[in-house]
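Undergrad:
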Amino acid sequence: MASTKEIETLAAQIGENIYIDVAKWHLYLADAHLHTTVAERAYSLLEENSLSESTVSDLLKDISVKLGGGKKELSLSDLIPASNQRDLLELLENYQQEM
């Protein structure tokens with residue numbers, strides 16, 4: 042089980058590097074307050090050693106983001122560009138190697 046410090050460290054890296062793209066405007070996950078949620082879920086993939094492009098994609102699909110005051114909901118996967126999703130996978134792989 043991950044410690045709070047480990048989750049916070051991973052969340053900080055995710056929050057600073059991974060973003061939502063809205064009309065070519067980048068909202069980093071830390072600013073959107075989504076980095077900790079992603080880190081908590083991603084950490085379980087790291088512990089299970091089940092990290093892959095597919096599992097990261099599924100993780101992002103399972104996180105709903107409310108837009109327009111809750112009028113619309115999209116998965117985080119729909120909001121993060123494919124290239125940045127690959128960056129997330131690479132970030133997680135690097136973090137896993139350091140564990």
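For the sequence shown, our numbering begins at 42 and goes up steadily by one.
All residues carry an ideal CB built from backbone N, CA and C; glycine is no exception.
None of the values given here were measured: they were computed from a predicted structure.
Please work out which residues of its chain come closer than 6 Å, Cβ to Cβ, to Leu-117, disregarding the five sequence neighbours upstream and downstream, and give them in chain order.
TA: Excluding positions up to five away in sequence, the list reads Leu-101, Ile-104 and Val-106.
Undergrad: Quick check on the DSSP output: what are the complete beta strand (DSSP E) runs of length 3 or more inside the region 46 to 133, in order along the chain?
TA: Complete beta strand (DSSP E) runs here, min 3: 60 to 63, 66 to 69, 105 to 108 and 113 to 116.
Undergrad: Are the CB atoms of Ile-59 and Ala-80 within a distance shorter than 7 Å?
TA: No. Outside cutoff.
Undergrad: Suppose you measure from the CA of Thr-78 to the CA of Ile-48; what does that come to, to the nearest Å?
TA: One C-alpha to the other measures close to 10 Å.
Undergrad: For Leu-115, which residues in the same chain have their Cβ closer than 6 Å to its Cβ, ignoring the five residues on either side in sequence?
TA: Counting only Cβ-Cβ distances below 6 Å, and skipping sequence neighbours, we find Val-106.
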